[in-house]
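Below is one structure, written out as C-alpha cells; comments come after it.
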Amino acid sequence: MLLLAALLVGCNNAKTMEDAFYKEMNRLEDVDDYNLLKKVEKDNVILFNTYIEGDEQNNEQLIISYFKKGNKEWVLDKAAACYDEWSAYLGDKPYIWCGTLTEPAQDKVYVGDAEANIIEVEGSSKRVWYHLSENENEEIKVKLTDGTEEWLKKVKY
Numbered sequence: 002m003l004l005l006a007a008l009l010v011g012c013n014n015a016k017t018m019e020d021a022f023y024k025e026m027n028r029l030e031d032v033d034d035y036n037l038l039k040k041v042e043k044d045n046v047i048l049f050n051t052y053i054e055g056d057e058q059n060n061e062q063l064i065i066s067y068f069k070k071g072n073k074e075w076v077l078d079k080a081a082a083c084y085d086e087w088s089a090y091l092g093d094k095p096y097i098w099c100g101t102l103t104e105p106a107q108d109k110v111y112v113g114d115a116e117a118n119i120i121e122v123e124g125s126s127k128r129v130w131y132h133l134s135e136n137e138n139e140e141i142k143v144k145l146t147d148g149t150e151e152w153l154k155k156v157k158y
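In my numbering, the protein residues as written are 2 to 158.
Take a look at the structure:
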C-alpha cells in the first residue's frame with residue numbers, strides 16, 4: 002500500500018516541461034480551453050493561448066511561459082502575454098520580453114543588442130517574438146525586410 006502511494010506521488014511529478022504545462026493548465030479552473038502552440042526546449046519556454054468563456058477580449062491571446070527544473074520536476078516559473086508590438090514580465094530574472102508581429106515586412110526584432118527569437122503561429126499571419134533578458138529596461142526595435150529599422154520601445158535617459 003505504501004509503495005502504491007509513493008508511485009502515485011511520483012506520477013504527479015512533472016518530468017518534462019510539457020508535463021508541467023499540462024499540469025498547470027488543468028489546475029486553472031477559469032480556463033475553458035487552451036492550445037500548446039510551440040515548445041522551445043533550448044529556452045525552456047512554451048507558447049500557448051487560452052479560451053475563457055465570456056472573456057472574448059482576451060481569448061486567443063498569445064502567451065509565453067517560462068519553466069524551471071527544480072527538485073527533479075519542472076515547474077512554471079512565469080508567463081507574459083505577448084499582445085501588441087511589445088510587452089514584458091519584469092517580476093524577476095530572467096525577464097521575458099515579447100510581442101506580436103502582424104506585418105509581413107517585419108523581419109527581425111532586436112532587444113538591446115540581441116536578436117529575439119521569432120515563432121510562426123501555425124494557421125495565422127501572426128508571429129510572436131520573445132527574448133529572455135537580465136536587463137529590465139531594454140530598447141526594442143524591429144528590422145524590416147527593406148533593411149530599415151523602427152523603434153518599438155526606446156529608453157529615455
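C-beta atoms are modelled at their ideal positions from N, C-alpha and C, and glycine is treated no differently.
Since the structure is predicted, the reported quantities are computational estimates derived from the model, not experimental observations.
Rounded to whole angstroms, the gap between the alpha carbons of Trp130 and Val156 is 19 Å. Straight across, the Cα-Cα distance linking Met26 with Thr146 is about 37 Å. By the beta-carbon neighbour count (other beta carbons within 10 angstroms, threshold 16), Ala21 is buried. Secondary structure remark: continuous beta strand (DSSP E) runs of at least 3 residues inside the stretch 43-77, in chain order: 46-52, 63-70. In this structure, DSSP gives Glu25 a helical state, which the three-state scheme calls helix. Checking the DSSP bridge columns, you'll see Ala117 has no partner listed. Sequence-distant Cβ neighbours of Val46 in its own chain, meaning closer than 7 Å and more than five residues away, are Ile65, Ser66, Tyr67, Tyr131. Straight across, the Cα-Cα distance linking Val122 with Trp152 is about 23 Å. Counting only residues of its own chain and dropping the five nearest sequence neighbours on each side, Ala106 has a CB closer than 8 Å to the CB of Leu145, Thr146, Asp147.
In terms of CA proximity to Glu74, Ala15 leads the group Ala15, Asn136, Ala89, Asn138.
It is roughly 19 Å from the alpha-carbon of Gly113 to the alpha-carbon of Asp85. Secondary structure note for Asp108: its beta strand (DSSP E) is the uninterrupted segment 107-112. Here Asn50 really is in contact with Asn36; their C-beta atoms are around 5 Å apart, less than 8 Å. Straight-line measurement puts the Cα of Thr103 at about 28 Å from the Cα of Met18.
Measuring C-alpha to C-alpha distances from Leu48 to each of Asp56, Glu137, Lys79 identifies Lys79 as the nearest.
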